[in-house]
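Note that my numbering numbers the sequence shown so that position 69 is 72, with each residue one more than the last.
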Amino acid sequence: MKNLFFGCAAAVILSGCCGICDKPSDIADGNYNDPITVCKTDKAVKIDGKLDDAIWQTAPKHEMVYLDNSSLSPEKEAKRMRESIHNEGYVQMAYDDKYVYIAASLEDQDVLSYVEQDQEYHFRNADTLEMFFWPTEGLQYWEFYATPNNYKTSYWYLSGGLLSLNKTFEYPLNKEMKVASTVQGTLNKQDDSDTGWITEVAIPLTEFTKHGVKFEPGQSWKVQIARYNHSANIYKMQLSSYPKLPIQGGFHNREYYAPVIFK
Numbered sequence: 004m005k006n007l008f009f010g011c012a013a014a015v016i017l018s019g020c021c022g023i024c025d026k027p028s029d030i031a032d033g034n035y036n037d038p039i040t041v042c043k044t045d046k047a048v049k050i051d052g053k054l055d056d057a058i059w060q061t062a063p064k065h066e067m068v069y070l071d072n073s074s075l076s077p078e079k080e081a082k083r084m085r086e087s088i089h090n091e092g093y094v095q096m097a098y099d100d101k102y103v104y105i106a107a108s109l110e111d112q113d114v115l116s117y118v119e120q121d122q123e124y125h126f127r128n129a130d131t132l133e134m135f136f137w138p139t140e141g142l143q144y145w146e147f148y149a150t151p152n153n154y155k156t157s158y159w160y161l162s163g164g165l166l167s168l169n170k171t172f173e174y175p176l177n178k179e180m181k182v183a184s185t186v187q188g189t190l191n192k193q194d195d196s197d198t199g200w201i202t203e204v205a206i207p208l209t210e211f212t213k214h215g216v217k218f219e220p221g222q223s224w225k226v227q228i229a230r231y232n233h234s235a236n237i238y239k240m241q242l243s244s245y246p247k248l249p250i251q252g253g254f255h256n257r258e259y260y261a262p263v264i265f266k
């Protein structure tokens, strides 16, 4: 990151070294199959979109990588896409005995959200953070949404083989899921006066246990954090993710998600 909104970036080793959740870290690059560190906290995170909880001062930051799919477009279109503004961001993760927490700080000169209710395909009508959780020993996985105006969605897929069925998306919203966002600027003004938005998400661990899996040390999980960025000042809608994904196939390519390191 090269601006004051995100601070100075440098590489950080997301390995099993001691103290990785106990001291401030720079922002780690998000290359293919890079892991994501999920830090244990003994104090519940206050979901208010402010990132002032103690855990967010030390939990590793993971860079949201712009997914450059310009090569799929004709030459002149590709050039314009590459020359457009690319908004940056980072994500952090933590957990306690009741929730897994996601925090995201996202640069954005034009924060937008026209959704007005939960449990929708928010990415169609809002800047959206998407969070995917996959217990790798099975086929089931989860997808969660958060928007700048605090709306949320929770989907559970028994298998990717059922993803195209409308019935799959009749899954009820987990009402214990929490989302709170703050906008640095003015929502839906459609100009370039904003600087970004911050969101905090709490997903109840019971969402996983009711389907027979646990999100805890000793279990094999992969996670993908993805972003849809709509803006009046970019050439085309932009996608980004942690970790980096291949440009083909979209956000459901689970083999490219980040292996979870519990700390």
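Backbone N, C-alpha and C fix where the C-beta goes; we use that ideal spot for every residue, glycine too.
Beta bridge counterpart(s) of residue i as assigned by DSSP
{"i": "L132", "result": "A149 and R230"}
{"i": "K155", "result": "A149"}
{"i": "W59", "result": "W59 is not bridged to any residue."}
{"i": "F270", "result": "In this structure the chain extends from 4 to 266, so residue 270 is not present and cannot be described."}
{"i": "Y35", "result": "DSSP, once it has assigned bridges, lists no residue as partnering Y35."}
{"i": "P138", "result": "W224"}
{"i": "V103", "result": "Y98 and I206"}
{"i": "L53", "result": "Going by the sequence as given, residue 53 is Lys instead of Leu. According to DSSP, K53 bridges with nothing at all."}
{"i": "S73", "result": "For S73, which the question treats as bridged, DSSP gives no partner whatsoever."}
{"i": "E66", "result": "Y93"}
Chain-order list of residues whose beta-carbon lies under 6 Å from that of residue i (same chain, five-residue window excluded)
{"i": "H89", "result": "Y69"}
{"i": "C21", "result": "Interpretation of C21 is limited by its pLDDT of 43, a score under 50 that renders its predicted location unreliable; the figure taken from the coordinates is listed afterwards. Hits under 6 Å: none found."}
{"i": "T185", "result": "G52 and I201"}
{"i": "A97", "result": "C42, T44, I58, A62 and Y104"}
{"i": "L115", "result": "D130, N191 and H233"}
{"i": "N169", "result": "none"}
{"i": "F1", "result": "In this structure the chain extends from 4 to 266, so residue 1 is not present and cannot be described."}
{"i": "Y245", "result": "G33, H65, M67, V94 and I228"}
{"i": "V48", "result": "D56 and Y104"}
{"i": "V216", "result": "P138"}
{"i": "P38", "result": "L17, A261, P262 and I264"}
{"i": "V182", "result": "A149, N153, K155 and V204"}
{"i": "L161", "result": "Q143"}
{"i": "A81", "result": "S73"}
Run of the alpha helix (DSSP H) containing residue i, from where it starts to where it stops
{"i": "E86", "result": "E78 to E86"}
Under the three-state DSSP convention, the category residue i falls into
{"i": "Y259", "result": "helix"}
{"i": "I250", "result": "coil"}
{"i": "L109", "result": "strand"}
{"i": "H125", "result": "helix"}
{"i": "S28", "result": "coil"}
{"i": "Y245", "result": "strand"}
{"i": "Y144", "result": "strand"}
{"i": "Q120", "result": "coil"}
7 Å CB neighbourhood of residue i in its chain, flanking five on each side removed
{"i": "K247", "result": "G33, N34, Y35 and V68"}
{"i": "N256", "result": "L248 and P249"}
{"i": "P27", "result": "Q60 and T61"}
{"i": "A14", "result": "Note that A14 scores 30 on pLDDT, short of 50, meaning its location in the model is unreliable; the coordinates nonetheless yield the value given after this. Result list for A14: A31 and D32, in chain order."}
{"i": "Y260", "result": "F135, W137, K225, V226 and Q227"}
{"i": "R83", "result": "Y238"}
Enclosing beta strand (DSSP E) for residue i [first to last residue]
{"i": "G92", "result": "G92 to Y98"}
Cβ shell of residue i (< 8 Å), same chain only, five flanking positions each side left out
{"i": "Y158", "result": "W145, E146, F147, T171, F172 and Y174"}
{"i": "S87", "result": "I237, Y238, K239 and Q241"}
{"i": "D25", "result": "T61"}
The ligand NAP heavy atom lying under 7 Å from the CB of residue i
{"i": "R230", "result": "The ligand NAP is not part of this structure, which contains no ligands at all."}
Residue ranges of each alpha helix (DSSP H) within the region 189-242, 4 or longer: 209-212
- prompt: Can you list the beta strand (DSSP E) stretches of 3 or more residues lying completely in the region 157-188, in chain order?
  reply: 181-187
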